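Line order of the protein sequences matches chains A and B. Once you know that position 163 of the first sequence is 282 in this note's numbering, the rest is easy, because the numbers rise by one and skip nothing. Once you know that position 625 of the second sequence is 663 in this note's numbering, the rest is easy, because the numbers rise by one and skip nothing. Each residue gets a CB set at the ideal place from its N, CA and C atoms; glycine is no exception. Please read all numbers here as calculations on a predicted model, not as lab measurements.
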Amino acid sequence: MGHKMDANGETAALKKRKREPKDVAPLTPKRQRSKSQSKPKNGTPKDATEPKDKPTPASTAPVQPAAGDLVPTESSALLEARESSSTWKVSNPMGGRMLDIDPIFSPDERHLVITYNTSIQVYGTNDSLLVRRIPLPVTRWESGKESTTAYIVASALSKTAPEYVWVACSDGRVWHINWTTGEGAETPHTIEAKKILDMTVEAVEFSKSTQDVLFVLQKLTKASGQIVAYNSEALSTKNGKLVHTYHESPQMLRTAAGGRLIVAAARETVQIGLRTKKARSFNDLEFRFHSFGVADLITSLDIRALTRRNKDGSVEIESANLALGCSHGAIFEYTDILSKLPKVGATPATPSKAGYIHPRKHHWHRRAVHSVKYSEDGNYLVSGGAETVLVLWQLDTGHRDFLPHLSATIENIVVSPRGSSYALHLDDNSAMILSTAEMKPTMYVSGIQSLVLGDRHSKEFLVRREKSSGEISTPLVAASNPTNPAQIFLCVGSGQQAATVGDEVSTPLLQVFDTASFQGVSKHAIARTNATEANITTQGVPIIEPRVTKLAFSHDGKWLASVDEWEPPESDVVPFLTGSKTVEEACRERREIYLKFWEVGSEDTPPQLVSRITEAHHTDKPETIFDVASDPTSSRFASIGNDGVVRFWTSKLRKRDGLAATGPEGQQLRAWTCSRAVALPVCGQDDALEDSTNEDSRSGAIAFSEDGSVLFAAYGAPSEAAVVAIDTETGTLRDIVSGMFRGEVRAIKSLGSCLLMLSDDLTVYDIVADELLYSFSLKETSEAAKRLTQLAVNYTSRTFALVAPIPTNDQRLRRGAKSELLVFSVEDGEPQMVHTFPQLITSVLPAAGSSGFVLVDSAAQIWSVTEGAEQGPLLQPLVDTNMDGDVPEAEAAPMDLAVVEDEGDASDAEMQDADREDEDMEDLDIHPAVVAPQRLAEIFNAAPAFAMPPIEDIFYQVAGLFSAKPLQAQN
Amino acid sequence: MDIHRCRFVPCPASAINAVAFTHSSLPAKKSLQKNVQVRLAIGRANGDIEIWNPLNGAWHQEVVIQGGADRSIDGLVWVTDPDEEVGEGNIIHGRSRLFSIGYTTTVTEWDLEKAKAKKHASGQHGDIWCLAIQPPSKGKDTSRKLVAGTVDGNLVIYSIEDDDLKFQRTLIRTPSKKVKMVSICFQSRNIVIVGCSNSTICAYDIRSGTLLRTMTLGSDLSGSTAKNIIVWSVKCLPDGDIVSGDSTGQVCIWDGRTYTQAQRIQSHTQDVLCLAVSADGSKIVSGGMDRRTALYEPMAGHNGRWSKVFHRRYHSHDVKAMASFEGKGMSVVVSGGPDAAPVAMPLRGAGREYHRSLPHLPQSTSLQSASKARLMCSWWGNEIRIWHLPRPASELMDGGADGGAALHKNRKLIAQILVKGESNISSAAISEDGTLLVASTASDIKAFQLDFTDASTGQPKITKVNVPSSVNGATKVEISQDKQWVCWVEEGSRVMAAKVTTTFGGAGITTCSISQSRKLHRVRRQIPKYLRLGGLGAYDRSVTQVAFSPDSKMLGAADLAGYIDTWVLRSGSERQNGTADDDDDDAASLSDSDSDSESEDAEGAEGELRWVRNPKAALIPKLPAAPVVLSFAKQPLAPEEEADGDYSLLAITAMKHVFVFNPLQGTLSDWSRRNPYGKIPEQFLITRDLVKGVVWQGPRAWIYGHAFLFMLDLSQDFDEKKTKTKALVKSGATAGTKRKRGNDGGAGGKMDKHALAPQNVKVEIGGGEWVDVEMGDVEDDAKSVGGAASTTEFEDDDDDDEDESGGELQRLRNGETNQGGVVVNGGELVGGEAVKGEEGKKKGKKTRPAKWWHTYHYRSILGIVPVDIQTPKEGGEESKGLQPLEVAIVERPTWDVDLPPRYFGDGEWER
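This is the structure:
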């Protein structure tokens, strides 16, 4: 719990709007005036609605001029007291983002070790289950201040003790972790280095023993680096052996053949180091380095070295092949490169001539090759990149095989030790294992997919393409399922890196994420997708898919409403420009905005599209839908659009020829239609002058009151928006409150008798008492920051949470941006909790059925904020309990496998026929093989009765799988 | 200079169907390579055969044998006999004979000396689709046969013994008539490999006519309609392995002993149409319908396995034919296709050197102008077009508002002449006043009179002019400036001249007639017998350049070997006895026609003007390389010449030597002595395209090539190189006298960036220090002891060439310099590259005209011709009086070349 509000009522992101007389003076009268102005004005054109307004008690209550006298006594002592009494707790972050580091196979191929941004996670390859999560304290706190720059750069399996992994962090810490027990996470070694860039591990034979030697690529200056070797002794004495000093900006380091061969890449240069003599001891390691230029920027490299054992027992490299993936898509393959390197001449200064080093050029990729690997037998190259296609190059015949339409950019490819499978890490925070024989997935792990800000530059950006700022400027649209609080529905795109996605975020997919098992359950397309490997135009502009802007569940969790929006890129509408139309206007005319209603089935079935409303709000062109709200008491939605109309949507039985239509199983089909449209009075415009700029800058939001009887709709031009209370039964306007917004309307929520209004200010207003309770103003007011300021209301605890980015010097929300969370109870103007998060919070949700909140940040982590009084069973990281018994290993019985694979096969079949015509990416992304909690049988059938694990373990497993459900029952 | 930029003149390019080198490789020993005449023949769809001289990468298109109606060349085979050693270390290089097929039943042999077909032969079989020559034997039996595969599945033998060509017998008859024999090559002397259209490759023994083995490819599974795979190309590697390219886009390697498939490489997306292999069998190149040219190399560490190294798209259309050549410091593959431009691709230096696209336009400009009449005349095929450019450029530029419109209107097609007959126009000439037009074909010469007196229609009245019937075709025609003489080249090397008589009839009507022609005797040159008999024989005596002096009293002609002959016009009485008949060197032979002309000579009437050999003609030395330009300056270049009444004859060679001769004295001009090769502007020398022609503006020569326009002021001396070119060329640009070509293999230069092969190979020698390492073939190292790189080999080649011919020049030059001396006036050193204006500013005090200037602004220049010669105006550009010059530049850009629609490529990204 880092920060709290200081004595001035300021936090990092918010500033209390003071109620001192001089400040109140301009505010209160203004509100008064606007109120008084709006009334007579409204009186003229809307006589019909006005009288109905009057009788409602809320509107008749006069505005209290003393709104500003609610001045809390702000002494720091009081704040301290409140803080200590505060019961809110922030959990440890969960989940996280798989890093661009090759996953590690255990030597027996039964486990896959994946490096996350703050942890190492071990998964079983047979069942995709998380075996162990080893958190790493990557973020270090130094004298109360965190050093956020540290991140994990490399991890490698120990070559001498395969139960250990070495993990290197950019700030010089190196962990030696036993991944079967989790030991070692707390005791890192430290290397004196400015910055670690890469690390590899080799088992080097010395005369006495074979030891793990770490080759660490360190940054020296901005454009130079060093390769330093360490063994465990050197690590403890911090006294590594300097192998080589680089005079370029190095990137990558690979080693092979027991440390006899080092290959390092820096932009357009490759340096190959050959060990010159047999190493008797660690200090004997000496290398002779060769360097040559490559025609392109190197983004990935792989080396395949064959060794042979001489008669005298010494081992030497027979041949080595090198494959380089480059930023423009070419793969250069150098076969038998060592034979062509210059030999040692008579004197060191006169080496012999080098043979012509002719690489073979394999060029299929259009963009950077993110990963390239040799197959185990060396007959194939396997490569992948942003085309989302796994390419298999048969080197002998020149034949290419493709596995197209994977869900996202392929970041890493690893060939398993036996060569029987490939592990892929995709940019949508997922990893899978494919069998090489059938190209079928045998394991799939999917983490939460949200836009993330990477620690390192993406490989795509070595080539200048269309401009992308690499900031997160739109919040993550998410909703939690009211009937299954463990499930979060997130609107995601095909990638995860904010930098690669660009400014025009397209989020056509809906990821269902189960926080209980901490796995992505499924991914469905809920808007149009364009699945193609050519996901970039010839000009280098990414193809833009629709963006889901709103998501709302009905109160019973059966229905889901979504709004998606698509606008053609400006360059595409130029041919349509006629007359005096501007590009923007032409784009707006061609916008596609859909309101869709989905029926949410059980966990395994994707949501079914029930109704699609084209142009739910429109004037002469489709208009933006500002907000969709669901009625907390009945299956009803309301929407507000830029046309100034609030529409209510209800479902009715679908009829065909006068008879109720039924589905294939005889269930009744329903359709959603607009049941009522209420035009809102235009406020704040004294002279009914409507100029177009005004029209475009309008904003709005809606919220149902808790009992569902009133809908509050805020709508209008910036700073002139008024809140209208609409009777949901009759559709009449009951009240109008104006002057509550400064700038655009961002959100409106209703909690009890209070209205929470978010614009550039956060205003809490008691509608019954017609009283302004308190208000805050945002410090950071850049557009992106305003969009990322979000409000969530938890009806259980009667609290609401506000997240806002903390202002930085850099106006953009890039890496390093932080957010602040404030939790308020509605009555109290003082936040019950103020917490700063090290990452940008992209979404905040009320925890369904409990009193807390759930936050998603820009590192794909989930934080839960709970009120301390409650036990926080929500989002219990079940994996911890799972881990103890090591049960998943026991589960690897063949019988059990069959069950899992049956599930897998369904999706495999779809994967296999991944033809070009294959339209929907969602097919690929259904991986129910990910454990579904109801599959008790898997636990109980794991082994014959006599071989069952201890009963305690089984209990934990079962309890683990179900612990979310009882919770729901309680509530 | 005012320029009319003309792109409206059509010059249709014809597809390349066949390419062939006389030699695929030369022995490594330099002495054996020295006098080998290597030529490249390119056959086109319109029946043209072009003979190119690779010339260390200069790629000189020497001769075009014109095709004719309904003819096409679809296959070319050179038959080059093995070399023969005679005494004194001299070698008679094997004669090279050229045979062609054209999808008919006929095989044609070509006579390169006379630039026409020599012999046709055909037999009772279907159309011939492929042709190959039996390799020479090492034993006694030296006879070689041509083996042809036909469309109806027959394998037939033609005998070429005794300089003859005749059908011998049908070797194989395939039972099924449906099998087409598409490609052929010899695996050994007696085993021929034939690629067929029914998914098979067959190996036959031609001694017994038995089928040794059939190699099958299976059926086409790629989804095309045809089930059968067509083997478009087969080639054999030196070790006997067979390479085939087929319609599935695969290149297959077959074991040469077992005739079994060893490897299949899917490298093209469409049909593989052609293949080439390097002489040592270490590289394979394939070209296909997907426009790719792909290179293969053996996989390191995998014995006998190949893999594709890279592919590129050098051509804008199918790659249809290719041939490789290694030797004389070159290592290239030349490929061609429907886009008409041959591409030279480095073979040994693939991945390190650039490719080079050779011009698709003919080297000899098919464009002439009648500058006094503002007419421009161009020809191709059997068609001549005459354009009129009515308004001068200066008028158009000053025209103001309507300038743009007028620019487009400023052309008029006034005449279009179709020449009857089978063969195409080889050359044409128009007189300066535009009234006489002479065109030559392989069979005759036609002359036309253009009458502009009737101005009402704007179209001239065209009447035919009688040409003596004894004329039977010419390769080059020229009309003298005063329209008194016509000169042409018969049978490649016989220079003929005829008088044009113009009679003025009544009412302003003039009629022209061409009198009986006379042969002009050339100087006999001492050519060693061993050279004359070997190689291409007297082919290099073919006269390619003919020029009249401005006063029409001197005629110059130059042949491919570099010999220049000059004749002067004398009245009959002045006949000089010095030109004894035994000096005559009729390159072809001392045939009976000689005596005919002699008798005519004798008949020459007293007082009649006639051409006699310039007494000093033999003094003009042989040029070091084939001349590409021979032109008399319009006015004397130097005052002393003016005094002597001598001419200035400019000769530029394919290697960009620039010489100015004073032909009456038979010497190099003073300017030429002062400005040897090394002082010619570097920029001019490093420009790779050949010079095509020259346009004179006083002492300024506007020299143009396919993509450049240079101005050299031949009245001023160039500066020493040291003073001007520092950054121009990185390597080898010292003040040497020799043009140093980089260490490239005859295609483009070295790649500096984006080369496939690594750059900057370095080794750390300890202590963080790095040494650069040169890359080279390991084999090369072994050969060249003492680290003699191939660069030096190049220079040696140059040396050799110049020792022989340039030595003569050198002597001449040295002798004279002692008297005249090379005077470089230090005070007048001028930055030679500077463009006029800049230079003026720099110097400030005194503006001197630029010595040279260049532009690459114009691309694919067909030709540049003067369209207006005006009387010198006072106060012109210079006080000295540079006349204004108005020229028309005719461009035929590559994107304007009409290509047939692509078979494949729809929906592809065009870049």
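So, does the CB of residue i fall closer than 7 Å to a CB anywhere in chain B?
{"i": "alanine 375 of chain A", "result": "no"}
{"i": "lysine 462 of chain A", "result": "no"}
{"i": "serine 410 of chain A", "result": "yes"}
{"i": "aspartate 403 of chain A", "result": "no"}
{"i": "glycine 243 of chain A", "result": "no"}
{"i": "glycine 763 of chain A", "result": "no"}
{"i": "threonine 593 of chain A", "result": "no"}
Give me the Cα-Cα distance between residue i and residue j, rounded to the nearest whole angstrom.
{"i": "alanine 241 of chain B", "j": "arginine 343 of chain B", "result": "22 Å"}
{"i": "lysine 215 of chain B", "j": "serine 362 of chain B", "result": "33 Å"}
{"i": "glycine 698 of chain A", "j": "phenylalanine 767 of chain A", "result": "38 Å"}
{"i": "isoleucine 803 of chain B", "j": "threonine 426 of chain A", "result": "25 Å"}
{"i": "arginine 428 of chain A", "j": "leucine 380 of chain A", "result": "16 Å"}
{"i": "alanine 556 of chain A", "j": "serine 539 of chain A", "result": "7 Å"}
{"i": "aspartate 331 of chain A", "j": "proline 226 of chain A", "result": "16 Å"}
{"i": "isoleucine 309 of chain B", "j": "threonine 286 of chain B", "result": "Looking at the sequence provided, one finds aspartate at residue 309 of chain B rather than isoleucine. Going from the Cα of aspartate 309 of chain B to the Cα of threonine 286 of chain B covers about 6 Å."}
{"i": "serine 641 of chain A", "j": "threonine 634 of chain A", "result": "13 Å"}
{"i": "glutamate 704 of chain A", "j": "tryptophan 685 of chain A", "result": "14 Å"}
{"i": "leucine 76 of chain A", "j": "alanine 542 of chain A", "result": "With chain A covering only 120 through 1090, there is no way to say anything about residue 76 of chain A."}
Does any C-beta atom of chain A lie closer than 7 Å to the C-beta of residue i?
{"i": "lysine 514 of chain B", "result": "no"}
{"i": "proline 336 of chain B", "result": "no"}
{"i": "asparagine 1020 of chain B", "result": "The requested residue 1020 of chain B is not part of the displayed model; chain B covers only 39 to 949."}
{"i": "glutamine 308 of chain B", "result": "no"}
Counting C-beta neighbours from all protein chains within 10 Å, is the total for residue i 16 or more, i.e. buried, or is it exposed?
{"i": "threonine 893 of chain B", "result": "exposed"}
{"i": "serine 721 of chain A", "result": "exposed"}
{"i": "valine 887 of chain A", "result": "exposed"}
{"i": "leucine 328 of chain B", "result": "A small correction: the amino acid at residue 328 of chain B is aspartate; leucine does not occupy that position in the sequence shown. Under this definition aspartate 328 of chain B is a buried residue."}
{"i": "proline 939 of chain B", "result": "exposed"}
I'd like to know if the region 396-403 of chain A and the region 435-446 of chain A are in contact, where contact means that at least 3 CB-CB pairs between them fall below 8 Å.
Contact check between the region 396-403 of chain A and the region 435-446 of chain A: fewer than three CB pairs, one atom from each, fall below 8 Å, which does not count as touching.
Contact between the region 665-674 of chain A and the region 744-757 of chain A (3+ Cβ pairs under 8 Å)
Verdict: yes, contact present.
On the three-pair Cβ rule with 8 Å, is the region 711-726 of chain B touching the region 741-755 of chain B?
Yes, the region 711-726 of chain B is in contact with the region 741-755 of chain B.
Output needed in chain order: residues of the region 471-482 of chain A with a Cβ under 7 Å from some Cβ in chain B.
Of all residues in the region 471-482 of chain A, only Lys472, Ala473, Gly474, Tyr475, Ile476, His477, Pro478, Arg479, Lys480 place a beta-carbon less than 7 Å from a beta-carbon of chain B.
Chain A contacts from the region 364-395 of chain B (Cβ-Cβ distance under 7 Å):
Answer set for the region 364-395 of chain B: Gly389.
For the region 312-325 of chain A against the region 364-381 of chain A, are there 3 or more C-beta pairs whose distance is under 8 Å?
Of all C-beta pairs linking the region 312-325 of chain A to the region 364-381 of chain A, three or more are shorter than 8 Å, placing the two stretches in contact.
Mind the definition here: the region 578-591 of chain B touches the region 522-533 of chain B only if three or more C-beta pairs lie below 8 Å; say whether that holds.
These segments touch.
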